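Here is the structure we will look at.
Residue numbers (my numbering): 2 to 233.
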């Protein structure tokens, strides 16, 4: 009688134990991170300094822009803008703070044409959390901190370069940069240098571009080589 009674009890206990054992081995799921708040001033991951290759702009859509493309201007890399970035995407138009025209007098020559002052502040600068003076000063500081490799300084003749060589040129000229700090883009289905992005941390130190930006650069300029147009 004793043996008959104990067997069902053990079986029942085993059945009850298995769910607990299964539960104990189940990995604990992490809570999903809260979605990043978009378009809030100061809330972003890193900066991109966009330097446009002026000869490409002037050869395509900038032909009527006399400020940047007039005879004798001979501009090479020029500041397009300083852009706060997310790891995926970017904020824009974060506030309605109007552009202060005094910035043009305080930071002369920062951009190749005056129309960029207003556009860059309203679309990108308002998302940095900085004042207008701070934003334009940081743009100036980072722009001037980039050492342009010699052969990209007002070349009289066009030349060809690969994506790898382009990155190596900038890394060699700029201690602190890595290949992931620089991300050029190309126009004409990858045939011509259009601009390069240089990535910085939020405190203005040389940084690493996001995977999104690097993939886009590889897709844009990753052909056998591309042409660097001469200045005009």
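Cβ atoms here follow ideal geometry from the backbone N, Cα and C, with glycine treated the same way.
Note that this is a predicted model, so its numbers are computed, not measured.
{"Check": "For residue 127, which of helix, strand or coil comes out of DSSP?", "Outcome": "helix"}
{"Check": "Examine the Cβ distances between the segment 205–213 and the segment 53–70 and report whether three or more of them are shorter than 8 Å.", "Outcome": "no"}
{"Check": "Drop a sphere of 10 angstroms on the beta-carbon of residue 160, count the other beta-carbons inside from all chains shown, and report buried for 16 or more, exposed for fewer.", "Outcome": "exposed"}
{"Check": "Using C-beta distances below 7 Å, list every residue in its chain close to residue 181, excluding the 5 sequence neighbours before and after it, in chain order.", "Outcome": "209, 210 and 215"}
{"Check": "Can you have a look at residue 109 and say buried or exposed, based on whether 16 or more other CB atoms are within 10 angstroms of its CB?", "Outcome": "exposed"}
{"Check": "Considering only their Cβ atoms, is the gap separating residue 145 from residue 1 smaller than 8 Å?", "Outcome": "As displayed, the chain neither begins before 2 nor continues past 233, which places residue 1 out of reach and without an answer."}
{"Check": "Taking the C-alpha atoms as reference points, what is the distance between residue 224 and residue 101?", "Outcome": "42 Å"}
{"Check": "Per the contact definition of three or more C-beta pairs closer than 8 Å, is the segment 86–93 in contact with the segment 50–57?", "Outcome": "no"}
{"Check": "What number of angstroms, rounded off, separates the C-alpha of residue 179 from the C-alpha of residue 198?", "Outcome": "13 Å"}
{"Check": "What runs of the beta strand (DSSP E), each 3 residues or longer, lie entirely inside the segment 134–219?", "Outcome": "160–162, 183–188 and 193–201"}
{"Check": "For residue 230, is the classification buried or exposed, using 16 other Cβ atoms within 10 angstroms of its Cβ as the cut-off for buried?", "Outcome": "buried"}
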